[in-house]
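Residue numbers (our numbering): 1 to 121.
Single-structure report; data block below.
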């Protein structure tokens, strides 16, 4: 079963993403902080991580992405950064941190689904 880890601190967005992405052949994991995201990712090794940048706690999304890509257990997971910070500099920083894709908030649901599906195939 394919796994998607959603890392988002806004519960309404977290629940919306779970509804959009849930399918019979997928397991959705959810984390509301960078610390929990790293813990879940190291335990489960999801295929895709949907990652918000601005997270509560000590670890932001950029740091999560760097940690995932530098850990041999999670280096192969695909990271899609979702953020309201949509300046070119933000996109470049996300890609430099290890993101495979970048999507701005508010996001188009079909665009998000297509980006996720690209990494699940």
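C-beta: ideal position from N, C-alpha, C; glycine also.
Computed from a prediction, not measured in an experiment: that's the story for all the values here.
| Query | Result |
| --- | --- |
| Can you tell me which residues form a DSSP beta bridge with residue 31? | 7 |
| What separation, rounded to the nearest whole angstrom, lies between the Cα atoms of residue 69 and residue 116? | 18 Å |
| Could you tell me the distance, in whole angstroms, from the CA atom of residue 47 to the CA atom of residue 4? | 6 Å |
| Which residues in the same chain as residue 101 place their Cβ atom closer than 6 Å to its Cβ, once the five residues preceding and following it in sequence are excluded? | 80 and 115 |
| Using only CA atoms, which one of 118, 25, 11 and 10 lies nearest to residue 1? | 25 |
| Between the alpha carbons of residue 57 and residue 64, how many angstroms are there, rounded? | 12 Å |
| Give me whichever residues DSSP pairs with residue 82 in a beta bridge. | 52 and 103 |
| For a quick check, are the C-beta atoms of residue 98 and residue 73 less than 9 Å apart? | no |
| Do residue 50 and residue 112 have their C-beta atoms closer together than 9 Å? | yes |
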